[in-house]
Structures are given as structure tokens and as C-alpha cells.
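Engineer:
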Amino acid sequence: MSTIPRTLRNLWRVGLKDFGHQMQYIGDTKAGTLIGTDRYGNKYFENLEEEMQLRTRWVDYKEKEYDPSQIEPGWHAWISYMVDQPPTADKLLQRQARAWEPAEHRPTLTWTRSAFRTYSTTKPKYSAWLPEAKPR
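Mapped onto our numbering, the consecutive letters of the sequence shown carry residue numbers 2 to 137.
#1: How many Å lie between T38 and R114 at the Cα?
#2: Considering only the beta carbon of each residue, do Q71 and Y41 sit closer than 7 Å?
#3: Tell me the residue span of the beta strand (DSSP E) that contains V60.
#4: Put F117 into one of helix, strand or coil per three-state DSSP.
#5: On the three-state DSSP scale, how would you describe T89?
#6: Given that a residue counts as buried once 16 or more other Cβ atoms are within 10 Å of its Cβ, and exposed if not, what is K135?
#7: Pull up the CB-CB distance for F46 and K65, whole angstroms please, since I reckon it's below 8 Å.
#8: Assign G21 to one of three DSSP states: helix, strand, or coil.
#9: Expressed to the nearest angstrom, what Euclidean distance is found between the alpha-carbon atoms of T34 and N48?
#10: Measuring only the C-alpha atoms, how far is K1 from L110?
#11: Does DSSP put Y45 in a helix, in a strand, or in coil?
#12: In the DSSP assignment, the alpha helix (DSSP H) including L9 goes from what residue to what residue?
#13: Does DSSP put I36 in a helix, a strand or coil?
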């Protein structure tokens with residue numbers, strides 16, 4: 002939640018179009034420098050001037066139905082403050098698409114009909130009792 006002067010200052014910095022976009026999708030106004038873009042089209046920002054600690058980095062998802070699994074591992078390490086340098090500046094975090102990786106993002110299917118469900122292949126120890134009623 003931001004204060005009114007901070008909101009107006011960020012409105013002045015980012016412009017009316019980005020202000021409306023941020024209010025609709027983030028719920029807060031933020032102004033910062035663009036650090037980089039990943040291969041999914043997500044944009045990563047940072048503001049070290051006036052933000053609270055551990056709230057200086059954020060992501061603007063390309064997909065409006067966003068899923069946190071859309072963040073690549075290198076960017077996840079940067080946005081979670083595990084590393085100081087973004088993947089664009091750190092040689093260890095720079096990674097290319099490997100041959101076995103999917104070309105596009107596959108969403109997490111938890112709580113959908115396509116979610117993975119485990120099942121048992123062993124015979125149960127107990128079986129349910131089914132009453133049999135004789136005809137009268």
C-alpha cells in the first residue's frame with residue numbers, strides 16, 4: 002500500500018498508461034529502472050531509492066493470467082535476493098535454452114483436471130464390507 006504523495010510521484014514518473022496498467026495488475030504504483038527481460042517476455046524492475054527493504058525488485062508478467070512458475074530460475078534467484086546481480090550481468094546465471102527444455106512455458110496444473118494424482122498399485126489390506134440383503 003502506498004501513500005498519496007508516493008502514488009502521485011510514481012504517476013508523474015511512469016505516465017498515465019503504465020499507471021493504469023500497474024493499478025490493474027499489481028495493485029500498487031511502482032517506478033524503477035528496467036533491469037531486463039526474460040525469454041517469456043516478463044520484465045524485471047528495480048528501485049533502490051525510496052522503497053522499503055526487500056520490496057525493491059518486482060516483475061511485470063507478460064501474461065495477464067500470471068503464474069509464478071513463469072519466472073526463470075536465474076531471475077527467480079535475483080528477485081528473491083539470493084544473488085545481487087541479475088542474470089544479464091552474471092556469467093553463472095546466464096543460461097541458454099537447452100535441447101531438452103520446452104520452447105514455451107507450461108503452466109502449473111495444480112487444482113485442475115489435468116493435475117497429477119498419485120494412485121496405489123498395491124492391494125489394500127482391508128476391504129469394505131458390502132451388505133447383501135436377501136429378497137423377501
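Note that CB positions come from ideal geometry on N, CA and C, so glycine has one too.
Structural biologist: Reading from the atomic positions:
#1: Taking the first residue of the sequence shown as 1, we reach residue 38 at position 37. Taking the first residue of the sequence shown as 1, we reach residue 114 at position 113. Each residue's alpha carbon lies about 32 Å from the other.
#2: On the sequence shown, position 70 is the one that residue 71 refers to. On the sequence shown, position 40 is the one that residue 41 refers to. Cβ distance < 7 Å, so Q71 and Y41 count as in contact.
#3: In the sequence shown, residue 60 corresponds to position 59, counting from 1. Start and end: R58 to D61.
#4: Here residue 117 corresponds to residue number 116 of the sequence shown, with the count starting at 1. Residue state, collapsed to three classes: coil.
#5: Position 88 of the sequence shown, counted from the start, is the residue given in the question as residue 89. In the three-state reduction of the DSSP assignment, T89 falls in the coil class, being assigned neither a helical nor a strand state.
#6: For the purposes of this step, residue 135 is taken as residue 134 along the sequence shown, with counting starting at 1. The residue is exposed, with fewer than 16 neighbouring Cβ atoms inside 10 Å.
#7: Along the sequence shown, one-based indexing puts residue 46 at 45. Along the sequence shown, one-based indexing puts residue 65 at 64. K65 and F46 do not touch by the CB rule: their CB atoms are close to 17 Å apart, not below 8 Å.
#8: On the sequence shown, residue 21 is found 20 positions in, with the first residue counted as 1. G21: helix per DSSP, three-state reduction.
#9: Here residue 34 refers to the residue found at position 33 when the sequence shown is read from its first residue. Here residue 48 refers to the residue found at position 47 when the sequence shown is read from its first residue. T34 and N48: Cα-Cα distance of roughly 6 Å.
#10: Residue coverage of the chain in this structure runs from 2 to 137, which leaves residue 1 outside it and unanswerable.
#11: For the purposes of this step, residue 45 is identified with residue 44 of the sequence shown, where counting begins at 1. The answer is strand: DSSP assigns Y45 an E or B state.
#12: Sequence index remark: in the sequence shown, residue 9 carries index 8 (1-based). Element bounds for L9: I5 to V15.
#13: Here residue 36 refers to the residue found at position 35 of the sequence shown. Strand at I36.
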